[in-house]
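Beneath this line is the structure, given in structure tokens, with notes to follow.
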Ligand SMILES: Nc1ncnc2c1ncn2[C@@H]1O[C@H](COP(=O)(O)OP(=O)(O)OP(=O)(O)O)[C@@H](O)[C@H]1O
Ligand SMILES: [Mg+2]
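Numbering (this note's numbering), first residue to last: 964 to 1395.
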């Protein structure tokens, strides 16, 4: 199993905008890539993450349990703006393992998409652990002192041979302030940082009274820039920052299977764009690349994620679903998932077979209890955890096909027609 893409926002200097950047980045990434799971957690005891993302009562578990061996899915809850979060904790005690332990823990976690870690303004166990696990370290610098402080973070990353992950980001910049007639503060900071051989983003985050106001005032809620300060320069800057992060994410190898979609493989250059939109590169069952060889096409209606399963993987799926796929059936098999809360406390999976004439033949409910590999595979297909499922419909083809043929106009048109017909059949039968 591979892993999530991890971003750490760190600086030993306090009040440089770490938390504001981390929390808003989560919101902007989610807004730009709706189908990408985004999770945020903070090692700080300020509860800013909770103040922005909490939905409903305080979750039972918090980031404290991140230090234990509990499945990560039990620590993350769905929050505002579609972002998942881990509840913060007032007091976090560092465990006895070395900080590098967190990397192993997160790298073996079945948490798809992007994980953002906000850190405290000290170089403690947690900040070091976040640095060592991150694929991308963002260090906001607002003045010379913050730049000097970045040296300690760089030292840790250099020793771990991960210094290429480090990016400085001029933050809280007063764009009107100038050092002299020509040089603005962020230009000076960028220049000074590059002179010291740092990678510096060509983006800066301006200081804005409106943005400052989002986290102060009498409300216990913190509002995102995206929804409450859209007319500020910071809005465009955060969007650029999210674009930068997504470009790094898209080129990072060995991530959690099914995380990367929308990439255009060269061999599919001739295929109409609509047919390979949200194309997932790996097989949802074994997580190995499945696109170049093709296989059994699958499509999830709500997320519009699509991809290919290996033939042996599909056989395993038939087995766990106890599906008897005899002759005389249509090539497409349908799976519906009713999310928790719709029909009961747990998600419910039903399989549906159609006859060669397209009529619905049979539907069977599948018990998901203790079927963790099935649950994981279904999550890959729909691009979110089953706990977040709503009304999902997945179609899987029984016929293997190479990607070029499957996604070519004629085959795809036929698939779309049948998809509509089956959706109608299921709706008419009250099953979807
Ligand atoms: N772009 C901005 N414009 C104006 N004020 C900002 C901006 N970003 C953050 N602030 C304000 O600056 C203060 C510090 O920001 P923030 O809490 O994000 O920094 P931090 O580095 O996380 O601080 P700490 O080190 O205490 O955790 C907060 O009051 C916040 O509202
Ligand atoms: Mg903070």
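We put the CB at the ideal spot given by N, CA and C, even for glycine.
Because the structure is a prediction, the values reported are computed rather than measured.
query: Quick one: is residue 1205 buried, meaning 16 or more other Cβ sit within 10 Å of its Cβ, or exposed?
result: buried
query: Does the Cβ of residue 981 lie closer than 7 Å to at least one heavy atom of ligand 1?
result: yes
query: Within 10 angstroms of its Cβ, does residue 1257 collect 16 or more other Cβ (buried), or is it exposed?
result: The residue in question, residue 1257, is buried, as its Cβ has 16 or more Cβ neighbours within 10 Å.
Near ligand 2: residue 1081 beta-carbon under 7 Å from a heavy atom: yes
query: Which term fits residue 992, buried or exposed, when burial requires 16 or more other beta carbons within 10 angstroms of its beta carbon?
result: buried
- request: Please name the residue, chosen from 1287, 1186 and 1304, that lies closest to residue 1044 on a Cα-to-Cα basis.
  value: It is 1186 whose Cα lies nearest to the Cα of residue 1044.
DSSP three-state assignment for residue 1196, whether helix, strand or coil: Shown here, residue 1196 sits in a helix according to DSSP, grouped into three states.
- prompt: Just curious, the beta strand (DSSP E) that residue 1401 is in, first and last residue?
  reply: Within the shown structure, residues of the chain are numbered from 964 to 1395, placing residue 1401 beyond reach of any answer.
message: For residue 977 and residue 1361, what's the separation of their Cα atoms in angstroms?
response: 57 Å
message: Can you tell me whether residue 1066 is helix, strand or coil according to DSSP?
response: Residue 1066 falls in the helix class under three-state DSSP.
query: How many Å lie between residue 1105 and residue 1262 at the Cα?
result: 46 Å
message: Please report the straight-line C-alpha distance between residue 1297 and residue 1314, rounded to a whole angstrom.
response: 6 Å
message: On a Cα-Cα basis, can you pick out the residue from 1156, 1171 and 1170 that is closest to residue 1164?
response: Comparing C-alpha distances from residue 1164 to each of 1156, 1171 and 1170 shows the shortest one belongs to 1156.
query: What number of angstroms, rounded off, separates the C-alpha of residue 975 from the C-alpha of residue 1351?
result: 36 Å
query: What separation, rounded to the nearest whole angstrom, lies between the Cα atoms of residue 1269 and residue 1243?
result: In a straight line, the C-alpha of residue 1269 is about 6 Å away from that of residue 1243.
- prompt: Should the region 1008 to 1020 be regarded as contacting the region 1036 to 1043, the criterion being three or more beta carbon pairs within less than 8 Å?
  reply: yes
- prompt: residue 1248 to residue 1158, Cα distance in whole Å?
  reply: Residue 1248 and residue 1158: Cα-Cα distance of roughly 48 Å.
message: Please state the DSSP three-state secondary structure of residue 1326.
response: strand
- prompt: Taking the Cβ atom as the reference point for each residue, do residue 1078 and residue 1065 lie within a distance shorter than 8 Å?
  reply: no
- prompt: At what residue ranges does the region 1344 to 1391 contain a whole run of the beta strand (DSSP E), taking only runs of 3 or more?
  reply: Listed in chain order, the beta strand (DSSP E) runs fully inside the region 1344 to 1391 are 1354 to 1364, counting runs of at least 3 residues.
Complete runs of the beta strand (DSSP E) confined to the region 1020 to 1087 [at least 3 residues]: Counting whole runs of 3 or more residues, the region 1020 to 1087 contains the beta strand (DSSP E) stretches 1039 to 1041, 1047 to 1049 and 1077 to 1081.
- prompt: Going along the chain, which residues of its own chain have a beta-carbon closer than 7 Å to the beta-carbon of residue 1153, five neighbours each way excluded?
  reply: 1133 and 1163
- prompt: Between residue 966 and residue 1218, which are expected to be in contact by the criterion C-beta below 8 Å, what is the C-beta distance as a whole number of angstroms?
  reply: 6 Å
message: Which same chain residues end up closer than 6 Å to residue 1246 when comparing Cβ atoms and leaving out the 5 residues on each side of it in sequence?
response: 1253, 1272, 1273 and 1276
task: Check the C-beta distance from residue 1359 over to residue 1198 and give it rounded, since I have them as a contact under 8 Å.
output: The pair is not a contact, with the Cβ atoms about 41 Å apart (cut-off 8 Å).
field: Alpha carbon of residue 1239 to alpha carbon of residue 1060, nearest angstrom
entry: Taking the straight line joining both Cα atoms gives about 44 Å.
field: Residue from 1031, 1083, 1087 and 1089 with nearest C-alpha to residue 1072
entry: Among 1031, 1083, 1087 and 1089, the Cα nearest to that of residue 1072 belongs to 1031.
task: With DSSP collapsed to three states, give me the class of residue 1162.
output: coil
message: Measuring straight from C-alpha to C-alpha, what distance separates residue 1172 and residue 1136?
response: 12 Å
field: Exposure label - residue 987; buried when at least 16 CB within 10 Å
entry: buried
query: Beta carbon of residue 1087: closer than 7 Å to some heavy atom of ligand 2?
result: no
Spatial neighbours of residue 1344 in its chain, beta-carbon cut-off 7 Å, leaving aside the 5 residues before and after: Here the set comprises 1247, 1261, 1263, 1268 and 1357.
- request: Using only the heavy atoms of ligand 2, determine whether one of them is closer than 7 Å to the beta carbon of residue 1013.
  value: no
- request: Would you check if the region 1105 to 1116 and the region 1022 to 1036 touch, i.e. whether three or more CB-CB distances between them fall below 8 Å?
  value: no
task: Tell me, please, which residues DSSP counts as bridged to residue 1340.
output: For residue 1340, which the question treats as bridged, DSSP gives no partner whatsoever.
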